[in-house]
Amino acid sequence: MPPDQLPALTPDACALLDEFTVCLPATAGGQHNHAPSIQMLHRLLAYTGADEPIPERTVRELAGLGPKIPLHRMVFFLHERGLLEPDHDRITATSPSLARLDTDRTDARHHQAIEDKLRRLPDAMADQMRTWVAVRRGQGRRPHPPADFTRIRRDLHVVLPVLSGWSRDGLDLREITAAHVTSALAARQGHQARGVHHVLLSVFRALKQERAVFSNPLAGFSLTTPVRLPEPLPSDRLRGLLDRIDSAMGRLAVGLVAVHAIKVTDAARLPLTALDLSHATLRLQLRGQPHTVHLDTLTRHLLDDYLQTRRQQWPVSPNPHLLLTTHSAHHPALPPVSYCALRRAFDQTGITPRQMWSDRVLDEARHTADPVHLVHLFGINPGTAVRYVHAAHPDKALPAIR
Numbered sequence: 001m002p003p004d005q006l007p008a009l010t011p012d013a014c015a016l017l018d019e020f021t022v023c024l025p026a027t028a029g030g031q032h033n034h035a036p037s038i039q040m041l042h043r044l045l046a047y048t049g050a051d052e053p054i055p056e057r058t059v060r061e062l063a064g065l066g067p068k069i070p071l072h073r074m075v076f077f078l079h080e081r082g083l084l085e086p087d088h089d090r091i092t093a094t095s096p097s098l099a100r101l102d103t104d105r106t107d108a109r110h111h112q113a114i115e116d117k118l119r120r121l122p123d124a125m126a127d128q129m130r131t132w133v134a135v136r137r138g139q140g141r142r143p144h145p146p147a148d149f150t151r152i153r154r155d156l157h158v159v160l161p162v163l164s165g166w167s168r169d170g171l172d173l174r175e176i177t178a179a180h181v182t183s184a185l186a187a188r189q190g191h192q193a194r195g196v197h198h199v200l201l202s203v204f205r206a207l208k209q210e211r212a213v214f215s216n217p218l219a220g221f222s223l224t225t226p227v228r229l230p231e232p233l234p235s236d237r238l239r240g241l242l243d244r245i246d247s248a249m250g251r252l253a254v255g256l257v258a259v260h261a262i263k264v265t266d267a268a269r270l271p272l273t274a275l276d277l278s279h280a281t282l283r284l285q286l287r288g289q290p291h292t293v294h295l296d297t298l299t300r301h302l303l304d305d306y307l308q309t310r311r312q313q314w315p316v317s318p319n320p321h322l323l324l325t326t327h328s329a330h331h332p333a334l335p336p337v338s339y340c341a342l343r344r345a346f347d348q349t350g351i352t353p354r355q356m357w358s359d360r361v362l363d364e365a366r367h368t369a370d371p372v373h374l375v376h377l378f379g380i381n382p383g384t385a386v387r388y389v390h391a392a393h394p395d396k397a398l399p400a401i402r
């Protein structure tokens, strides 16, 4: 694949790829002889990112899709940097003693990667987070089975931006109050807010247990306590959205959200069999229940454009999902398209998927005071439907639905 057709990488992934290129041994053909290995790592990092360890099975399965490439340098390179999650079944089958040695080395690399992240924090906060890591590893005052290092690294990656913000304000974790936590969560939405809340809860419980903080600011704190009513987007921001998007898949994804209020995660999981072209419908499973979407003229045009592109680019893809990318079309695991791949289209519009979904539901609620209509039209929870009708018609007092 020509270099200019390879997918874009994050800055961290670019730096890692450059480091790998420099580490390759010199050959008579120069870097040209290593081009397949470099492109292989490029595609791998574009699919997985460079923030967390990559399963060894994913590396080997992805390599099996193309021409035979020697993987030992790439695997060793990722392994040495704590970015490979070894296939322990394969190692154990080869040698149990080697498996134990490999586990010890892997844990040491994970520990070093955690230390590298903690060094970005002031000493006091870094020491507090080391206490949290020790508790997660079962080394606290109340011993328990240790958490996996991979999970600890992921949790640290989730909460590190919040910790960095607090440290820039001159705070350490003993000075954090419920107001600080509320402010940090208010700046995030959905799964991101829940992830930060979950990790902060773990951090402060561990520190309180180890008597490293005076109080737990999350005691009695509920993420669902503040009820935020949806607010409509200005109509001028909704004009010309599709003209800003440079891919047929992106335009279809935005159309499904903006017109039919299909959430991005649900759109990503849509199987090709969900589409019924003869009746112009999509069949989904929402909240465990079947839901049928009747496609309008605009969405049908977007769908036709995308299906034509799909047939041209991936005519024999085994992936059963409707939406495909270069990475998912022939991936051995046949995964749905990633959230990040769809989010790019929304970034081009300047509106988040959540905002667009909320605006569509709220716009429909303005035309009706019946939450049952919203439930049937969008397949949403009855309580959510009542909340949107309340926002659209604050003068109408509707009973809460549990």
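In terms of this note's numbering, the sequence shown opens at residue 1 and continues consecutively. Glycine residues also receive a C-beta, built at the ideal position from the N, C-alpha and C atoms.
Exercise. If you drop the 5 nearest sequence neighbours on each side, which residues of the same chain put their C-beta closer than 8 Å to that of Asp266?
Worked result: Leu284 and Leu286
Problem set entry | Residue range of the alpha helix (DSSP H) that includes Gln312 | Thr297 to Gln313
Problem set entry | Rounded separation between Arg154 and Glu85 - CA only | One C-alpha to the other measures close to 13 Å.
Exercise. Do Leu298 and Val259 come within 8 Å of each other at the CB atom, strictly closer than that value?
Worked result: Result yes, Cβ atoms of Val259 and Leu298 sit closer than 8 Å.
Problem set entry | Which of helix, strand or coil DSSP assigns to Val389 | Correct three-state label for Val389: helix.
Exercise. Looking at the C-beta of Leu323, does it have a partner C-beta in chain C at a distance below 8 Å?
Worked result: In summary, chain C is missing from the structure at hand, where a single protein chain is found.
Exercise. If you follow the alpha helix (DSSP H) that Leu44 is part of, which residue opens it and which one closes it?
Worked result: Ala35 to Thr48
Exercise. Does DSSP put Thr177 in a helix, a strand or coil?
Worked result: Thr177 carries a coil assignment under DSSP once its states are collapsed to helix, strand and coil.
Problem set entry | Extent of the continuous beta strand (DSSP E) run through His281 | According to the sequence provided, residue 281 is Thr. The question's His does not apply to it. Its beta strand (DSSP E) spans residues Thr281 to Leu286.
For this session: Evaluate the contact criterion for the stretch 170–187 versus the stretch 124–133: three or more CB pairs, one atom per stretch, below 8 Å.
Result: yes
Exercise. What number of angstroms, rounded off, separates the C-alpha of Ala268 from the C-alpha of Asp305?
Worked result: For Ala268 and Asp305, the distance between alpha carbons rounds to 17 Å.
Exercise. Taking all protein chains shown into account, do 16 or more other C-beta atoms lie within 10 angstroms of the C-beta of Glu56, making it buried, or fewer, making it exposed?
Worked result: buried
Exercise. Using CA coordinates, which residue listed in Val257, His110, His279 and Thr326 is at the minimum distance from Leu362?
Worked result: Val257
For this session: Determine the burial state of Phe403: buried for a count of at least 16 other Cβ atoms within 10 Å of its Cβ, exposed for fewer.
Result: Missing from the structure shown is residue 403; the chain here goes from 1 to 402 and no further.
For this session: Helix, strand or coil for Leu334, going by three-state DSSP, please let me know.
Result: coil
For this session: Would you kindly report the start and end of the unbroken beta strand (DSSP E) that includes Glu157?
Result: The residue asked about is misnamed: residue 157 is His in this sequence, not Glu. It is not in any beta strand (DSSP E) - His157 instead sits in the alpha helix (DSSP H) that spans Phe149 to Arg168.
Problem set entry | Length of the line joining the Cα atoms of Glu80 and Thr384 | The straight-line gap separating the alpha-carbon atoms of Glu80 and Thr384 is approximately 48 Å.
Exercise. Between Trp314 and Pro320, what straight-line distance do the alpha-carbon atoms span, to the nearest angstrom?
Worked result: 12 Å
For this session: Please look up how many angstroms separate the CB atoms of Leu295 and Thr281, rounded, as I've assumed it's under 8 Å.
Result: 6 Å
Exercise. Under a three-way DSSP split, which group does Thr292 fall into?
Worked result: Three-state result, Thr292: strand.
For this session: Determine the contact status of Ala248 and Thr325, defining contact as a CB-CB distance below 8 Å.
Result: Taking C-beta atoms as the reference points, Ala248 and Thr325 fail to come closer than 8 Å.
Exercise. Between Ile114 and Val133, is the Cβ-Cβ spacing less than 8 Å?
Worked result: yes
Problem set entry | Inter-residue CB distance, Ala206 and Thr131 (contact presumed, cutoff 8 Å) | 7 Å
Exercise. Identify the residues that DSSP records as bridge partners of Leu275: which are they?
Worked result: Answer is Leu282.
For this session: Measure from the alpha carbon of Val316 to the alpha carbon of each residue in His330, His198, Leu17 and Arg344, then state which is nearest.
Result: Residue His330 is the option with its Cα nearest to Val316.
Exercise. With 16 as the cutoff for other CB atoms within 10 Å, does Thr292 come out buried or exposed?
Worked result: exposed
Exercise. If we ignore side chains and look at the alpha-carbon of each, how far apart do His211 and Ala184 end up?
Worked result: Contrary to the premise, residue 211 reads as Arg rather than His in this sequence. Going by the C-alpha atoms only, they are around 24 Å apart.
Exercise. DSSP puts Leu71 in a beta bridge; with which residues?
Worked result: Checking the DSSP bridge columns, you'll see Leu71 has no partner listed.
For this session: Can you grab the Cα-Cα spacing for the pair Glu175 / Lys208, in whole Å?
Result: 13 Å
For this session: Return helix, strand or coil for Pro394, following the three-state DSSP convention.
Result: In this structure, Pro394 counts as coil in the three-state DSSP scheme.
Exercise. What are the start and end residues of the alpha helix (DSSP H) that includes Gly255?
Worked result: Counted as a single uninterrupted DSSP element, the alpha helix (DSSP H) harbouring Gly255 occupies residues Ala248 to His260.
Problem set entry | Best match in Arg141, Arg73, Gly138 and Arg151 for proximity to His110 [C-alpha to C-alpha] | Arg151
For this session: Enumerate in chain order the residues of its own chain whose CB-to-CB distance from Val389 is below 8 Å, with the five nearest sequence positions on each side excluded.
Result: Ala365, Thr368, Ala369, Asp370, Pro371, Leu374, Lys396 and Leu398
Exercise. So, using beta-carbon positions, are Asp12 and Ala50 closer together than 8 Å?
Worked result: yes
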